[in-house]
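Residue numbers (this note's numbering): 1 to 340.
Read through the structure below, which is laid out as structure tokens, and then see the notes.
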């Protein structure tokens, strides 16, 4: 049976997501029961585009539409209570970017969820990409990484309005930074220190979702290092990684990877998902949403869902913001202790 689904906060500028949602609906995975926005005009326009009832009163929407899952692009100043209420009622949340705006909020949600949860999926997720899955499934090429270099680029909603043809826009740089930092955490663990510089806007002192522009980060571990560059003024969403361990040099993007020997540089393996490179921009988005629907509706099991790393990732983003202000390396664990 289709899952009753509400859309909250999505803007029409996110045309790739609008198309992806329409396609998943047409496939029979979801039944769109509501569209909710903070502004009546936006709610009406998107509701008419997707042929769904529209609301600006979120409490009324939850009572009348009774969704089983929510596709959420959390607007600035949108209350965390809505997300908490969804999780408390077992309503799945497919979040376009972090569902939290600071570390305190992340810790509130984290205590409500198992470390691996089918109730929350945070897009984008590099570790769910075709290339990273191939590297994990065929051989454990990602074990014992000593150095990681990554680059994330995308475009914000505000810039996309002035950029014809922009694809898969994001609400702020924090959407890209969350994915980049979570990828490092899933691959290497939580860094001991973060050194960061931001060229752009930092916004609210406590809220990493206000950050826009370009960020350079160095993340230090006891015996390893990661380097990230994150930029929100390019389209489409693009992610690339280089990883080095004692045996292998791995280069990958979403749809391609190559593996070389660390000893002599000889090529061990490479592959490209050529068909995915030719896909329309909405197709990979629809695939991720479909995967969420399938796992959300699946019978309970220990591996049903995804690790969320809410507190860990939020702590790293907090350290990023503070490091920019202090021009010094900062400890994510320190901030976790302050908010624990």
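For glycine and all other residues, C-beta sits at the position ideal for the given N, C-alpha and C.
- Inclusion of residue 215 and residue 177 in the CB contact set at 8 Å is warranted, their separation being smaller than that value.
- Nearest to residue 25 by alpha-carbon distance, out of 241, 53, 3, is 3.
- In the DSSP assignment, residue 49 forms no beta bridge with any residue.
- Counting the other CB atoms within 10 Å of its CB gives residue 111 a total below 16, which places it among the exposed residues.
- If you keep only unbroken alpha helix (DSSP H) runs of at least 4 residues inside the region 53–88, you get 58–65, 80–88.
- When only Cα atoms are considered, residue 88 and residue 120 end up about 12 Å apart.
- In this structure, DSSP gives residue 33 an extended state, which the three-state scheme calls strand.
- Closest in C-alpha terms to residue 311, from the list 28, 80, 106, comes 106.
- Contact annotation, residue 117 with residue 305: C-beta distance approximately 5 Å; criterion of less than 8 Å satisfied.
- Minimum Cα-Cα distance from residue 172 among the listed residues 203, 163, 43, 148 corresponds to 203.
- It is roughly 6 Å from the alpha-carbon of residue 16 to the alpha-carbon of residue 167.
- Two segments are said to touch when three or more pairs of C-beta atoms, one from each, lie closer than 8 Å; by this definition the region 177–194 touches the region 293–309.
- Judged by their CB atoms, residue 103 and residue 315 are nearer to each other than the 8 Å cut-off.
- The alpha-carbon separation between residue 221 and residue 67 amounts to approximately 43 Å.
- A contact between stretches requires three or more CB pairs, one per stretch, nearer than 8 Å, and the region 273–282 fails this requirement with the region 182–196.
- If you ignore the 5 residues before and after residue 33, its C-beta comes within less than 8 Å of the C-beta of 4, 5, 6, 52, 53, 65, 66, 67, all in its own chain and listed in chain order.
- By the beta-carbon neighbour count (other beta carbons within 10 angstroms, threshold 16), residue 326 is exposed.
- In this structure, residue 259 places its C-beta atom within 8 Å of the C-beta atom of residue 248.
- Judged by beta-carbon spacing, residue 127 lies beyond the 8 Å limit of residue 174, meaning their Cβ atoms are not closer than that value.
- For residue 85, the closest alpha carbon among the candidates 77, 109, 73 is that of 109.
- With a minimum length of 3 residues, the unbroken runs of beta strand (DSSP E) contained wholly in the region 232–257 fall at 233–244, 248–253.
- Cβ atoms of residue 234 and residue 290 stay farther apart than 8 Å, at about 27 Å.
- For residue 91, the closest alpha carbon among the candidates 261, 72, 219, 254 is that of 72.
- Rounded to whole angstroms, the gap between the alpha carbons of residue 132 and residue 239 is 11 Å.
- In the three-state scheme derived from DSSP, where H, G and I count as helix and E and B as strand, residue 17 is classed as helix.
- Following the DSSP letters along the chain, one finds residue 190 in no beta strand (DSSP E), marked with neither H nor E.
- Contiguous alpha helix (DSSP H) elements confined to the region 284–335 occur at 310–326, taking only those with 4 or more residues.
- Cβ atoms of residue 37 and residue 18 stay farther apart than 8 Å, at about 13 Å.
- Just measuring C-alpha positions, the residue of 79, 303, 336 sitting nearest residue 318 is 336.
- Classified as exposed, residue 270 has fewer than 16 neighbouring CB atoms from the shown chains inside 10 Å of its CB.
- Ranking 236, 48, 96 by CA distance to the CA of residue 8 puts 96 first.
- In the DSSP annotation of this structure, the continuous segment of the beta strand (DSSP E) that includes residue 95 starts and ends at 92–96.
- Per DSSP, residue 219 is one residue of the beta strand (DSSP E) stretching across 212–220.
- Excluding five sequence positions before and after residue 206, the CB atoms of its chain that fall closer than 7 Å to its own CB belong to 102, given in chain order.
- Here residue 245 is not near residue 136, since their CB atoms are 8 Å or more apart.
- Between residue 226 and residue 148, the C-beta spacing is below 8 Å.
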